């Protein structure tokens, strides 16, 4: 299993039996030299997906600068048709530099998943990202079970069909609910990954206590410690 996080290190990943991955977005990509030893994911970020405003040139420069292995093709939050139009427009150029990820907006709708399945079957899409931070009708941090159940249904359709399934920003409780589904997906021959920066604000009081009563880390060392605490609760 691959986990992407801004503060991921090879040592942290090894403690949990993970493949380490760093995530870079248009809001920042302060990578250390160790980054070159890890997988790297580029993403436009939720704020851009919500606004729909982005610079393709700037995003491609980011993908090339960090030598990303995968890159989210710019999507439009809550709008499958607009995201699909973006895919047809932008995925060919993104694919020159990284493996393009199609963001399946509104994937909880059966008709949309039917369309995604057709795109996969026709080899138009080979890598799918499922939004797991926020859905148009639900914030996944406050409704993790709903979001996890939606993702599990989608993975039943996608796993074994696509090269790669990525969960975008799942909260800790949703990851816990999806652990078995993620492992089953791997057994079916699909690469699985998820990213998170949720640990940068402690998702519960237990992790807050481990950080000395603070909700947010004050330096890189504390951010790494909070990531370890988050992973321990999410995966163990």
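Numbering (our numbering), first residue to last: 1 to 236.
Glycine included, C-beta positions come from ideal geometry on N, C-alpha and C.
If you're wondering where the values come from, they're calculated on a predicted model, not measured in any experiment.
Range covered by the beta strand (DSSP E) that runs through residue i
{"i": "residue 283", "result": "Residue 283 lies beyond the range of the chain shown here (1 to 236); nothing can be said about it."}
{"i": "residue 72", "result": "70-72"}
Spatially closest choice to residue i from the options, by CA coordinates
{"i": "residue 190", "options": "163, 169, 214", "result": "163"}
{"i": "residue 182", "options": "157, 8, 143, 101", "result": "157"}
{"i": "residue 22", "options": "15, 2, 16", "result": "2"}
{"i": "residue 24", "options": "66, 17, 206", "result": "66"}
{"i": "residue 7", "options": "70, 220, 230, 236", "result": "220"}
{"i": "residue 137", "options": "38, 121, 20, 79", "result": "79"}
{"i": "residue 47", "options": "159, 26, 205, 58", "result": "26"}
{"i": "residue 127", "options": "111, 192, 86", "result": "192"}
{"i": "residue 281", "options": "88, 155, 111", "result": "Residue 281 lies beyond the residue range present for the chain, which begins at 1 and ends at 236; the question has no answer from this structure."}
Pairwise C-alpha distance: residue j and residue i
{"i": "residue 196", "j": "residue 171", "result": "8 angstroms"}
{"i": "residue 92", "j": "residue 144", "result": "34 angstroms"}
{"i": "residue 10", "j": "residue 210", "result": "22 angstroms"}
{"i": "residue 229", "j": "residue 169", "result": "17 angstroms"}
{"i": "residue 54", "j": "residue 63", "result": "14 angstroms"}
{"i": "residue 120", "j": "residue 108", "result": "17 angstroms"}
{"i": "residue 146", "j": "residue 115", "result": "22 angstroms"}
{"i": "residue 84", "j": "residue 75", "result": "8 angstroms"}
{"i": "residue 184", "j": "residue 113", "result": "20 angstroms"}
{"i": "residue 176", "j": "residue 94", "result": "32 angstroms"}
{"i": "residue 130", "j": "residue 153", "result": "11 angstroms"}
{"i": "residue 51", "j": "residue 104", "result": "17 angstroms"}
Sequence-distant residues of the same chain with beta carbon closer than 7 angstroms to residue i, five excluded per side
{"i": "residue 232", "result": "none"}
{"i": "residue 132", "result": "140, 147, 151, 167, 168, 169, 170, 174"}
{"i": "residue 56", "result": "90"}
For residue i, the first and last residue of its enclosing alpha helix (DSSP H)
{"i": "residue 215", "result": "Premise fails: residue 215 is in no alpha helix (DSSP H) and is neither H nor E."}
{"i": "residue 91", "result": "80-94"}
{"i": "residue 239", "result": "With the chain covering 1 to 236 only, the question about residue 239 has no answer from this structure."}
{"i": "residue 173", "result": "172-187"}
{"i": "residue 57", "result": "56-66"}
{"i": "residue 147", "result": "144-158"}
{"i": "residue 115", "result": "110-121"}
Paired residues, beta bridge with residue i - DSSP
{"i": "residue 19", "result": "2"}
{"i": "residue 102", "result": "128"}
{"i": "residue 165", "result": "128, 192"}
{"i": "residue 40", "result": "22"}
{"i": "residue 135", "result": "138"}
Contacting residues, own chain, Cβ-Cβ under 6 angstroms from residue i (five flanking each side not counted)
{"i": "residue 68", "result": "40, 42, 98"}
{"i": "residue 70", "result": "41, 98, 99, 101"}
Min CB distance residue i to chain B below 8 angstroms
{"i": "residue 91", "result": "In the displayed structure, chain B is absent; only one protein chain is listed."}
Same chain only: Cβ atoms within 8 angstroms of residue i, ignoring 5 sequence neighbours per side
{"i": "residue 5", "result": "21, 22, 23, 195, 196, 197, 199, 227"}
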